[in-house]
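Notes for the one structure printed next.
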Amino acid sequence: MRREVLYIVITVFSALLLVGCSDNQNAVSPNDADDYNEVRENVWKFVKEKGWNDTAKDNWQSAEVKKVVGDNNYELLDGTYDGKEVLSVSFEDKENSVVGTPLIIIEPDTNKVIGYMPSE
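Positions -27 to -1, 1 to 93 (mature numbering (1 follows the signal peptide of the UniProt record, and there is no 0)) are the ones given, in order, by the sequence shown.
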C-alpha cells in the first residue's frame, strides 16, 4: 500500500514538473494582442510627412502604444485634450541617432494626431 502511494506521488510530481516547465508555444507578442495597428500606421504616415522617419527604425508595426493623459509636457495641436486620456505612440530609434523620433499623441476615438513630444 505504501509503495502504491509513493508511485502515485512520484507520478503526479513528475507530471506537474513537466507541465510547469513546458515552453508556451502559443505566446502572443504584446503588439499582436492589441488593436492599435491602425493607430501605428496613421502615426507612421504623420512621422513620414514631418520628415521624422529618418531617426526611426522602419518597423512601424513594433511601435509602442500607451494610454497617457495629455498635459503641458506635450506640444498639443489641439488644446482641448489637455487633461484628457489620449494614446502615446513611440518608435524605436536607429542606432547612433543624435535626436530621437518624437512621441506622437493620438485621439483614441478618431486616431487623429493631436500633438507630440519632441525627443532629445
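In this text, a Cβ means the ideal position worked out from N, Cα and C, and glycines have one as well. In this text, all values refer to a predicted model and were calculated from it rather than measured experimentally.
Could you check the C-alpha separation between residue i and residue j for me, to the nearest Å?
i, j, result
"P75", "P91", "5 Å"
"L(-10)", "V(-16)", "10 Å"
"A(-1)", "M(-27)", "With a pLDDT of 49 at A(-1), under the threshold of 50, the modelled position of that residue is not reliable, and the figure given next carries that caveat. Their Cα atoms are separated by approximately 43 Å."
"E11", "N84", "8 Å"
"V41", "Y(-21)", "55 Å"
Just curious, the alpha helix (DSSP H) that residue i is in, first and last residue?
i, result
"V20", "10 to 23"
Using alpha carbons as the reference points, say which of the options lies closest to residue i.
i, options, result
"D31", "I87, R13, G43, L(-12)", "R13"
"F64", "V38, L(-22), L(-12)", "V38"
"V59", "Y89, Q34, N69", "Y89"
Task: Sufficient close CB pairs (3 or more, under 8 Å) joining the stretch 46 to 54 to the stretch 7 to 17 - done: Judged by pairs of C-beta atoms under 8 Å, the stretch 46 to 54 does not touch the stretch 7 to 17, as fewer than three such pairs exist.
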